[in-house]
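Protein chains in written order, with our numbering: chain A, 642 to 839; chain B, 3 to 262.
For glycine and all other residues, C-beta sits at the position ideal for the given N, C-alpha and C.
Note that this is a predicted model, so its numbers are computed, not measured.
What follows is the structure in structure tokens.
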């Protein structure tokens with residue numbers, strides 16, 4: 642990993658033969674922004690390159706996932722796949738029972754070769770009922786959700802201000818939106834970002 | 003015992019009067035009647051008339067409790083009404099668990115254990131009131147009655163915003179449970195927000211095919227790598243006080259993706 646990191650770092654400095662384009666060599670050019678984007682699915686039609694559900698089992702590099710519409714997906718994770726579980730994580734962090742969203746390329750055999758996998762990601766809105774030691778007790782449509790603050794990970798975004806690791810401006814009784822990682826089969830969430838309207 | 007019971011009718015009557023007046027006079031209550039369990043069980047059009055009917059029943063029982071002479075029937079009427087409350091709560095918690103109870107005013111919280119405890123306490127007080135008579139009032143009875151009033155208020159979720167929320171806000175201000183413990187840790191999200199606003203990311207975004215794969219900190223910079231359609235995009239993001247224009251990017255040709 643260190644050597645790969647060293648290689649990537651040196652690429653940023655403009656050295657190494659494998660660099661295709663870099664800020665150090667000038668701009669990537671405006672045409673890059675209009676480079677061929679992947680085909681967008683038709684409205685109302687299921688996107689074949691997307692899958693969601695919960696992991697039933699893990700076999701080698703393949704996740705067996707049962708979708709909420711009872712459709713079964715096989716999702717292959719490769720070297721280039723990004724996995725998110727409150728932050729970028731390795732494949733070993735994926736566990737049976739985790740919920741996921743995955744995006745990738747559908748193979749002819751029906752398997753989804755994943756480019757990105759988001760594990761247990763949730764986006765909930767509610768009122769802050771109470772704040773205790775490193776925890777926010779959220780009232781989400783009358784249901785209690787216990788949100789854990791993870792030091793070094795959780796940030797608060799107040800209005801349009803840049804994200805801050807300081808969550809102490811949040812108040813009991815206010816409305817918030819929380820993005821985070823659900824702890825499977827509990828009503829608990831680890832906080833990635835708290836959005837506060839003020 | 004009888005001395006303690008002597009004040010029960012007044013506690014119950016005061017509570018019923020308050021509940022009835024809230025139902026009859028609160029404009030907010032009427033406008034939000036559609037969200038109560040009554041509206042869900044009997045139809046939105048009947049919610050307001052039903053709330054008024056319940057209010058009249060509460061007023062009648064309060065009047066009977068307050069008007070002399072006291073008889074065991076006063077307490078019995080209050081007990082019947084409290085049993086009705088309990089039955090309504092139990093039924094609405096089963097049939098329409100998302101609705102609020104509409105007991106003491108408009109609020110969005112569904113029926114919870116406190117609503118049951120409050121109705122149960124009213125029932126217990128009513129049973130006590132059956133034995134009430136024209137006995138002299140003892141100081142102990144006053145203390146107990148005051149405790150009952152406080153318990154009824156504490157068991158009313160409708161009043162949380164007047165005492166529970168402010169007291170929690172004060173406690174949070176004093177104890178600061180979310181104060182930053184390790185200020186030297188810079189969350190990844192902070193760097194990503196800077197990255198997303200950078201010209202380097204804007205030019206490279208169309209190439210990216212994955213979310214962030216890896217990141218590490220070195221020499222005051224945070225490096226983040228993404229898959230970019232068979233290649234790898236690597237960004238360097240300033241950790242301390244950088245501008246979006248300071249973010250740099252490189253697209254790197256790597257061997258084709260290997261299966262793990």
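Sequence-ordered contacts of the segment 229-253 of chain B with chain A read 229, 233, 234, 236, 238, 250, 251, 252, 253 [C-beta pairs closer than 7 Å]. Here residue 253 of chain B is actually not in contact with residue 224 of chain B; their C-beta atoms are around 18 Å apart, not less than 8 Å.
Collapsing the DSSP output to three states places residue 242 of chain B in coil. For residue 151 of chain B, the secondary structure class from DSSP, reduced to helix, strand or coil, is helix. Look at residue 768 of chain A here: in three-state DSSP terms it is strand. Assignment of residue 255 of chain B by DSSP, reduced to helix, strand and coil, places it in the strand class. Leaving aside the five residues that flank residue 58 of chain B on each side, the residues in its chain whose CB is nearer than 8 Å to its CB run, in chain order, 22.
Residues of chain B with a Cβ closer than 7 Å to the Cβ of residue 812 of chain A are, in chain order, 171. Our two residues, residue 703 of chain A and residue 828 of chain A, have alpha carbons roughly 28 Å apart in a direct line. Annotation for residue 776 of chain A: the continuous beta strand (DSSP E) segment containing it runs 776-781. For residue 112 of chain B, DSSP assigns no beta-bridge partner whatsoever. Spatial neighbours of residue 114 of chain B in its own chain (CB-CB distance under 7 Å, excluding positions within 5 residues in sequence) are listed in chain order as 159. Comparing C-alpha distances from residue 714 of chain A to each of A:772, A:777, A:742, A:646 shows the shortest one belongs to A:742. Partner residues in the beta bridge of residue 230 of chain B, as assigned by DSSP, are B:233. In the three-state reduction of the DSSP assignment, residue 185 of chain B falls in the coil class, being assigned neither a helical nor a strand state.
Runs of the beta strand (DSSP E) lying entirely within the segment 705-732 of chain A and spanning at least 3 residues, in chain order: 713-725. Straight across, the Cα-Cα distance linking residue 39 of chain B with residue 102 of chain B is about 6 Å. Contact check for residue 8 of chain B and residue 146 of chain B: beta-carbon distance about 11 Å, past the 8 Å limit, so the pair fails to qualify. At a cut-off of 8 Å between beta carbons, residue 167 of chain B contacts chain A.
By the rule that beta-carbons nearer than 8 Å mark a contact, residue 735 of chain A does not touch chain B.
In the structure shown, residue 834 of chain A adopts extended strand secondary structure according to DSSP, grouped into three states. Counting along the chain, no beta strand (DSSP E) covers residue 76 of chain B; the unbroken alpha helix (DSSP H) around it starts and ends at 74-97. In the structure shown, the three-state DSSP call for residue 128 of chain B is helix.
Using a Cβ-Cβ cut-off of 8 Å, residue 772 of chain A is close to 170, 174, 179, 180 of chain B, given in chain order. Around the beta-carbon of residue 172 of chain B, fewer than 16 other beta-carbon atoms lie within 10 Å, marking it exposed. Closest by C-alpha distance to residue 749 of chain A, out of A:801, A:794, A:716, is A:716.
For residue 202 of chain B, no beta strand (DSSP E) encloses it; the enclosing alpha helix (DSSP H) starts and ends at 201-206. In this structure residue 92 of chain B is exposed. Its beta-carbon is surrounded by fewer than 16 other beta-carbon atoms within 10 angstroms. Against chain B, a Cβ distance below 7 Å from residue 728 of chain A picks out 190. Within chain B, no residue has its beta carbon less than 8 Å from that of residue 712 of chain A; the closest one is some 23 Å off. Of all alpha-carbon atoms in A:805, A:780, A:786, A:801, the one lying nearest the alpha-carbon of residue 792 of chain A is that of A:805.
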